[in-house]
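**Student:**
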Amino acid sequence: MNVVIFGCGRTGATLALQLTSMGHEVTIIEQNPASLRRLGNDHTCRIVMGSGLDDDVLLQANVSQADYFFALTRGDNTNLMAAQIVKLKYGVEKVCVKVADPLRAAAYRDMGYHCINPSSLTAGMMRDWMIDAPYQTVDQYNNLVTELEI
Amino acid sequence: MYMILIGGGNVGLYLAKRLLSGGHEVLLLERDPRHAQRLASIIGSENVMVGDGCEMLTQKDAGFGRADVVVAVTGEDEDNLVVCQMAKVVWHCDRVLARVNDPSHETVFEQIGIDDTVSATGIIHALLEQQIRPDVMLPVGALAKGNLEVVEVVLGPRSPVLHKRVRDLVLPPHTNIVYILRGEQGLLVHGDTELEIDDMLVALVSRDHALELRALLEP
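Pasting the structure below:
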């Protein structure tokens with residue numbers, strides 16, 4: 179598969195290395211050269227320097243040919259905007275977004291975006307570890323997010 | 612009308628002041644507590660709230676649910692996009708307006724249904740493009756759908772309106788001279804304002820009357 183990952187933080191770098199080791203083609207978009215050290219010295223990812231909100235950068239990353247796009251920077255809004263640009267403007271169907279704010283993740287999930295919220299997963303898994311229960315599915319952990327009373 | 616502004620920079624503060632003096636209920640949301648304090652000392656603490664306008668709990672406390680208009684004017688397009696999108700989708704606010712800093716982002720705002728955007732960068736670019744041409748009258752930016760144009764006219768030595776007061780000009784209908792740049796100084800225009808050579812006039816004019824305005828100001 180052809181995969182574009184926006185953000186070479188801990189999550190982005192880990193995912194990139196996992197996917198390249200499985201034989202997928204991975205392009206990483208990253209603004210900060212120092213973040214690339216997380217990939218080690220002998221990775222096979224293609225690197226495009228810049229922001230995933232920038233058309234020039236997205237074109238250079240050849241995002242319209244991507245099968246999957248992951249938005250994994252530490253900025254929720256950056257991730258959410260990049261995901262929408264890539265989906266609406268470049269026609270990428272499979273888009274996955276990291277959203278740190280559980281409520282924002284839930285809101286965009288309702289709008290049809292596949293949002294992963296690390297805190298609800300971590301908290302749910304820790305709870306299950308404590309009560310000696312088997313780990314649940316992502317959807318089940320997502321549903322643990324406190325419902326906001328509007 | 613209840614208007615919520617997100618982003619207490621120069622744009623947000625200016626809008627808040629103007630809207631308050633227009634008698635509207637205004638809440639200016641600012642993330643940085645120290646800056647929010649400064650804003651509160653200018654427009655009153657009842658009109659300022661500290662918080663991240665992208666957080667749903669902040670939106671709830673700010674009263675997004677009863678807002679007539681939500682205006683996002685931070686310096687970050689992604690923040691403005693998310694605020695407006697959540698105002699529309701989560702809080703069902705019909706009228707949202709976003710500042711777009713990078714004009715290439717405008718299409719995405721449109722595609723997700725945020726029709727009203729203002730791009731200062733785009734306007735400045737249009738202005739620079741026009742500067743290269745010899746036109747005396749420059750459309751600075753069309754105000755979307757309003758059929759209004761912001762135009763800029765520099766008064767030359769042969770302009771028939773030199774030394775006249777603004778109240779004595781016979782302006783075309785739907786025309787308003789709003790601002791004069793005189794040397795380094797910007798002036799808000801009153802009826803008594805007297806026009807001088809090299810004044811740069813900024814006017815709002817309906818598209819149909821732009822030519823009449825030009826005829827009035829140029830020889």
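Protein chains in written order, with the working numbering: chain A, 179 to 328; chain B, 612 to 830.
Here a beta-carbon is modelled for each residue, glycine too, at the ideal position from N, C-alpha and C.
Being a predicted model, the structure only gives us computed values, none of them experimental.
State the start and end residues of the unbroken beta strand (DSSP E) segment that holds Ala-709/B.
**Tutor:** Unbroken beta strand (DSSP E) run through Ala-709/B: 706-710.
**Student:** Residues in its own chain within less than 8 angstroms of Glu-636/B by CB, not counting five upstream and five downstream?
**Tutor:** Once the five neighbours on either side are set aside, the close Cβ partners of Glu-636/B are Met-612, Tyr-613, Met-614.
**Student:** What are the boundary residues of the alpha helix (DSSP H) that Asn-321/A is part of?
**Tutor:** Element bounds for Asn-321/A: n/a, residue is neither H nor E.
**Student:** From Ala-678/B to Ala-627/B, what does the alpha carbon distance come to, in whole angstroms?
**Tutor:** Cα to Cα, the separation comes out at about 15 angstroms.
**Student:** Short of 7 angstroms Cβ to Cβ, which residues in the stretch 204-215 of chain A face chain B?
**Tutor:** Taking 7 angstroms as the Cβ-Cβ cut-off against chain B, none of the residues of the stretch 204-215 of chain A qualify.
**Student:** Relative to chain B, which residues along the stretch 259-277 of chain A have a C-beta separation below 9 angstroms, given in chain order?
**Tutor:** Taking 9 angstroms as the Cβ-Cβ cut-off against chain B, the residues of the stretch 259-277 of chain A that qualify are Met-259, Ala-260, Gln-262, Ile-263, Leu-266, Lys-267.
**Student:** Per DSSP, what are the beta-bridge partners of Ser-796/B in this structure?
**Tutor:** Here residue 796/B turns out to be Gln, not Ser, going by the sequence shown. DSSP, once it has assigned bridges, lists Arg-793/B as partnering Gln-796/B.
**Student:** Using 8 angstroms as the limit for Cβ to Cβ distance, is Leu-692/B near chain A?
**Tutor:** Yes, Leu-692/B counts as interfacial toward chain A.
**Student:** Taking the continuous beta strand (DSSP E) assigned at Thr-205/A, which residues delimit it?
**Tutor:** First-last of the beta strand (DSSP E) with Thr-205/A: 203-208.
**Student:** Can you tell me the Cα-Cα spacing of Ser-715/B and Asp-233/A, whole angstroms?
**Tutor:** So the alpha carbons of these two residues sit roughly 7 angstroms apart.
**Student:** List the endpoints of the continuous alpha helix (DSSP H) containing Asp-306/A.
**Tutor:** From DSSP, the alpha helix (DSSP H) with Asp-306/A extends over 296-308.
**Student:** Cβ closer than 8 angstroms: which chain A residues qualify as neighbours of Thr-718/B?
**Tutor:** Going along chain A in sequence order, the residues near Thr-718/B (Cβ under 8 angstroms) are Lys-267.
**Student:** Under 7 angstroms Cβ-Cβ, which residues of chain A neighbour Met-811/B?
**Tutor:** Ordered by position in chain A, no residue passes the 7 angstroms Cβ test against Met-811/B, which lies about 34 angstroms from the chain.
**Student:** Which residue spans inside the stretch 217-244 of chain A form an unbroken beta strand (DSSP E) run of at least 3?
**Tutor:** The qualifying runs are 224-227.
**Student:** Please report whether the beta-carbon of Ile-587/B lies at a distance below 8 angstroms from any beta-carbon of chain A.
**Tutor:** An answer regarding residue 587/B cannot be provided, because it is not within the stretch 612 to 830 covered by chain B.
**Student:** Report yes or no: do the stretch 266-275 of chain A and the stretch 227-246 of chain A share at least 3 C-beta pairs separated by less than 8 angstroms?
**Tutor:** Cβ pair count under 8 angstroms is three or more, so yes.
**Student:** Any C-beta of chain C within less than 8 angstroms: which residues of the stretch 660-677 of chain B qualify?
**Tutor:** Among the chains of the structure shown, chain C does not appear; the protein chains present are A and B.
**Student:** Would Asp-279/A and Asp-254/A be called neighbours here (beta carbons separated by less than 8 angstroms)?
**Tutor:** Result yes, Cβ atoms of Asp-279/A and Asp-254/A sit closer than 8 angstroms.
**Student:** By the criterion of Cβ-Cβ separation under 8 angstroms, what are the contact partners of Ala-405/A in chain B?
**Tutor:** With chain A covering 179 to 328 only, the question about residue 405/A has no answer from this structure.
**Student:** Any beta carbon of chain B sitting closer than 8 angstroms to that of Leu-231/A?
**Tutor:** Chain B, which has a Cβ nearer than 8 angstroms to the Cβ of Leu-231/A, makes this yes.
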